[in-house]
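Residue 1 is where the sequence shown starts when you use this note's numbering, and the numbers rise one by one after that.
Note that beta-carbon positions come from the ideal geometry of N, C-alpha and C, so glycine has one too.
Treat the numbers as computed from the prediction; the structure is a model and nothing was measured.
Notes for the one structure printed next.
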Amino acid sequence: MTADTAPSADALAAYVAKLTAALHGPARAKGRLIEEIRGGLEDTADAQIERGVPRREAVGAAVREFGTVDELVPSCQRELTLAQARHTARVVAFTAPFLIACWYLAGVPAQEPAGTVLHTARLLAAHLSGVAIAATLLAAAALAATGTLARRLSPPARLPAMVAWTGTTAGAAMAVTTLALVTAAALATNWPLLAFAGALAAASHAAVATSARACRRCARLPLAGAPERG
Numbered sequence: 001m002t003a004d005t006a007p008s009a010d011a012l013a014a015y016v017a018k019l020t021a022a023l024h025g026p027a028r029a030k031g032r033l034i035e036e037i038r039g040g041l042e043d044t045a046d047a048q049i050e051r052g053v054p055r056r057e058a059v060g061a062a063v064r065e066f067g068t069v070d071e072l073v074p075s076c077q078r079e080l081t082l083a084q085a086r087h088t089a090r091v092v093a094f095t096a097p098f099l100i101a102c103w104y105l106a107g108v109p110a111q112e113p114a115g116t117v118l119h120t121a122r123l124l125a126a127h128l129s130g131v132a133i134a135a136t137l138l139a140a141a142a143l144a145a146t147g148t149l150a151r152r153l154s155p156p157a158r159l160p161a162m163v164a165w166t167g168t169t170a171g172a173a174m175a176v177t178t179l180a181l182v183t184a185a186a187l188a189t190n191w192p193l194l195a196f197a198g199a200l201a202a203a204s205h206a207a208v209a210t211s212a213r214a215c216r217r218c219a220r221l222p223l224a225g226a227p228e229r230g
């Protein structure tokens, strides 16, 4: 690398690194977006170099054409926020029905008369299955709004926040279900079924809570075309 190309390469790397640090969203979607921007910058700079412009100036011109990182972040973050909302909605849609499975497993008759704790656990699981149904329907609507419908209509600005709190509610329901089922498993003779249901609820909670937390973070960030919240 010559003395002329080293500073220009450093400038390009610094630009990409700053943009990477400023953006939040699903790792795969974010990596793909960063690579597209990096490729666009390099192609624009190469086009300038082919016309005889020194590399350092060509890189500077490419960066000016793309805009500063601060100018680029809002539109890029909007794309990543929608990607995170879609990811979270998908996780909720696939895991929330497990609460219904937990309700079914908790309702399997035990070998002995159900005590107060077992009855409470089964009743709680039954009520939380309603949360699972509502969360699944909302997640399916969010998937449609960020998928097929997004090609015709712009998704509502508050959709990511709605998805984030749907996931948060579903995750909390899964955590409560886990606690109830583990407690019941310690007292029941059919404890393997209840323990399995509790493990299922715990795994679902871990997946949903992690994705919902990321979605809440993205939903709080300013987006292009949306008013900043104070």
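Across the structure, Val131 and Cys215 are spaced so that their CA atoms are roughly 19 Å apart. By the criterion of at least three beta-carbon pairs nearer than 8 Å, the region 86-100 is in contact with the region 196-215.
For the pair Gly40 and Ile34, the Cα-to-Cα distance works out to about 10 Å.
By the criterion of a C-beta distance shorter than 7 Å, Cys218 is surrounded in its chain by His24, Gly25, Leu80, Thr81, Gln84, Pro160, once the five residues flanking it on both sides are discounted. The distance from the Cβ of Gly171 to that of Val208 is about 4 Å, consistent with a contact at the 8 Å cut-off. Straight-line spacing of the CA atoms in Leu143 and Arg51 works out to 46 Å.
Shown here for Ala58: same chain residues with a beta carbon closer than 6 Å to its own, the five before and five after excluded, namely Ala45, Gln48, Ile49 in chain order. For Val69 and Tyr15, the gap between their C-alpha atoms comes out near 7 Å. Distance from Ala141 to Ala212 at the Cβ level is roughly 16 Å; contact not present, criterion being Cβ atoms closer than 8 Å. Secondary structure at Gly167: helix, using DSSP grouped into helix, strand and coil.
Gly67 sits in coil when the DSSP states are folded into three classes, being neither helix nor strand. Taking all protein chains in view, the Cβ of Thr136 is crowded by 16 or more other Cβ atoms within 10 Å, so the residue is classified as buried.
In this structure, the CA atom of Lys18 is about 29 Å from the CA atom of Met162.
In the displayed model, Arg28 falls within a helix according to three-state DSSP.
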